[in-house]
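**Student:**
Protein chains in written order, with this note's numbering: chain A, 1 to 250; chain B, 251 to 500.
1. Run the CB neighbour count on residue 187(A), radius 10 Å, all protein chains shown included, and call it buried at 16 or more, exposed below.
2. Return the chain-ordered list of same chain residues with a C-beta closer than 8 Å to the C-beta of residue 241(A), the five sequence neighbours on each side being excluded.
3. Where does residue 325(B) fall in DSSP's three states?
4. Which runs of the alpha helix (DSSP H) spanning at least 4 residues fall entirely within the stretch 8-86 of chain A, listed in chain order?
5. Does residue 272(B) pass the burial test, meaning 16 or more other C-beta atoms within 10 Å, or should it be called exposed?
6. Suppose you measure from the CA of residue 78(A) to the CA of residue 143(A); what does that come to, to the nearest Å?
7. Classify residue 215(A) as helix, strand or coil using the three-state DSSP reduction.
8. Which residues in chain B sit within 8 Å of residue 60(A), going by Cβ to Cβ distance?
9. What would DSSP say about residue 350(B), mapped onto helix, strand or coil?
10. Are the Cβ atoms of residue 200(A) and residue 69(A) separated by less than 8 Å?
11. Which of the three DSSP states, helix, strand or coil, is assigned to residue 477(B)?
12. Can you have a look at residue 299(B) and say buried or exposed, based on whether 16 or more other CB atoms are within 10 angstroms of its CB?
13. Can you tell which of 444(B), 460(B), 306(B), 477(B) has the C-alpha that lies nearest to the C-alpha of residue 357(B)?
14. Would residue 493(B) pass as a contact of residue 303(B) if the rule is Cβ separation under 8 Å?
15. So the alpha helix (DSSP H) residue 377(B) belongs to, where does it begin and stop?
16. Would you please state the rounded distance, in angstroms, between the beta carbons of residue 178(A) and residue 113(A)? I believe it to be under 8 Å.
17. On the DSSP bridge assignment, give the partners of residue 392(B) in chain order.
18. Is it the case that the Cβ atoms of residue 410(B) and residue 463(B) are separated by a distance below 8 Å?
19. Taking residue 237(A) as part of the beta strand (DSSP E), name the residues at either end of that continuous run.
20. Do you know how far the Cα of residue 150(A) is from the Cα of residue 471(B)?
21. Determine, using beta carbons only, whether residue 64(A) comes closer than 8 Å to chain B.
22. Look up residue 208(A) in the DSSP assignment and say whether it is helix, strand or coil.
23. Could you compute how far the alpha carbon of residue 72(A) sits from the alpha carbon of residue 208(A)?
24. In terms of residue numbering, what span does the alpha helix (DSSP H) encompassing residue 416(B) cover?
25. Which residue's Cα is closest to the Cα of residue 250(A): 16(A), 90(A), 115(A)?
26. Taking C-beta pairs closer than 7 Å, name the residues in chain B that residue 248(A) reaches, listed in chain order.
27. Please list the residues of the stretch 86-102 of chain A that have a C-beta atom closer than 9 Å to any C-beta atom in chain B, keeping them in chain order.
28. If I measure Cβ to Cβ from residue 289(B) and keep anything under 6 Å in the same chain, skipping five residues before and after, which residues do I get?
29. In terms of alpha-carbon separation, which member of 283(B), 262(B), 253(B), 372(B) lies closest to residue 277(B)?
30. Taking only beta-carbon positions, decide if residue 474(B) is within less than 8 Å of chain A.
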């Protein structure tokens, strides 16, 4: 299905499933919307932390159409999350009832892009083979502060075959707008992960430690996590795995 | 002289000359200071136009010390320009009398960095050989808008020996934080430059058109030019050629 057709399904609430595997070859993006009061500090946070927060588009206050998709940001994602004062309030299928004229929206690159590149090159990704969500962990790696935004990085983990590690690093480093090269390889405790079998988000898939090594990438959940620390009166994000499908080829 | 010693000279107003050729090997930066009200739109403008506006550091409201230099941004440049409502009001040696608590300062990469790299590789730069300021031109190349910030790109021109063109492009493309690869080669009229002998800023140095070709780079004057279009009630910049000398090695 073409992105515009797929987005139309979401707009009409005919479909609210994950965008994983949808519209192959088109860039998908994380979404975070904040009142304009937070916009400078959040953009600066992204600029200082480009690995977890690779900015691919920004919609200024009053704008609802991204540059990278002929879409309405208020309706064209399958599912959204509304946070008030740092607490999840509810999930919704569109933002018609909560939209404010001063909302600024940030679209950030996502790991779907580099995962596809890895699979195309024959790299084995266990969570995809098992049809599971990738496991994500809060770490002790500090982000660079920007104004009120500060906190530790969230990472995603993929257990990579040892003989495929070099190729994996080489491929993902070519996607700086999709978190780029890994930020850590092996030894989870060095970045504050005490129990790799117990992720903070997503699902752990057991792997053979003789065959595979855990590889960690900066994760797009970081800005949500850091954003909630600030307890903004309103913050809207895509629901996990329910991204904006853009019109841009990967 | 070490950067801290050189900056001390500026702080005490013992020296107010150009920083060109000072503290070899240390990064120098353009400075633009705006009231916080403009900060988000200006940072977004830089993010959308990274070739003319490569952000190397941002000082949030209330901060006067950059991350890349143990300096006081109000005193440690040799000379500043004060603009009010889009008009140059005066040049000053420090900002003590005009500093506002809501000032946000942007430090942007400058072409001194790639010029040094070119000269080290034996590329001939006419303006340096003649000890002149590089010529700069307003073009018809549109920048990407961000809020109130919009306008055309300003470029600098260096006439490069034809046999050194490929090497010049290769070297400068390695410095994305110093404007990167050229944005145009030859044919000035294609980017709206009617008379190459009559630059809008800087000085033209005649060259043999059989031997050399004009090569154009995105220029750090662009954000000042675009900033003044907005007519902010206050805007402060370094005086041309009077940069911040940072503690960072190039």
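All C-beta atoms, glycine included, are put in the ideal place defined by N, C-alpha and C.
**Tutor:** On the basis of the coordinates in this document:
1. The residue in question, residue 187(A), is exposed, as its Cβ has fewer than 16 Cβ neighbours within 10 Å.
2. Hits under 8 Å: 18, 19, 20, 133.
3. Residue state, collapsed to three classes: coil.
4. Complete alpha helix (DSSP H) runs here, min 4: 39-48.
5. Label assigned to residue 272(B): buried.
6. Between the C-alpha atoms of residue 78(A) and residue 143(A) there is a straight-line separation of about 30 Å.
7. Three-state DSSP puts residue 215(A) in a strand.
8. For residue 60(A), the chain B residues whose Cβ falls inside 8 Å of its Cβ are 291, 294, 396, 397, in order along the chain.
9. Coil.
10. A distance of 8 Å or more separates the beta carbons of residue 200(A) and residue 69(A).
11. Under the three-state reduction of DSSP output, residue 477(B) falls in the helix class.
12. With 16 or more Cβ atoms within 10 Å of its Cβ, residue 299(B) is classed as buried.
13. Minimum Cα distance to residue 357(B) is reached at 306(B).
14. At a Cβ-Cβ threshold of 8 Å, residue 493(B) and residue 303(B) do not count as neighbours.
15. Run containing residue 377(B): 376-379, per the alpha helix (DSSP H) assignment.
16. Indeed, because the Cβ distance is near 4 Å, the residues count as touching under 8 Å.
17. Partner residues in the beta bridge of residue 392(B), as assigned by DSSP, are 402(B).
18. Less than 8 Å divides the Cβ of residue 410(B) from the Cβ of residue 463(B).
19. 235-238 is the span of the beta strand (DSSP E), which, as asked, contains residue 237(A).
20. Roughly 32 Å separates the two Cα atoms.
21. Look at residue 64(A): its C-beta is not under 8 Å from any C-beta on chain B.
22. Judged by DSSP in its simplified three-state form, residue 208(A) adopts coil rather than helix or strand.
23. The alpha-carbon atoms of residue 72(A) and residue 208(A) are separated by roughly 45 Å.
24. First-last of the alpha helix (DSSP H) with residue 416(B): 415-422.
25. Nearest to residue 250(A) by C-alpha distance, out of 16(A), 90(A), 115(A), is 115(A).
26. Within chain B, no residue comes near residue 248(A); the closest Cβ sits about 15 Å away, beyond 7 Å.
27. Result list empty, no residue passes.
28. Sequence-distant Cβ neighbours of residue 289(B) in its own chain, meaning closer than 6 Å and more than five residues away, are 354.
29. Comparing Cα positions, the closest option is 253(B).
30. Residue-level contact by beta carbon fails for residue 474(B) and chain A, as no gap is shorter than 8 Å.
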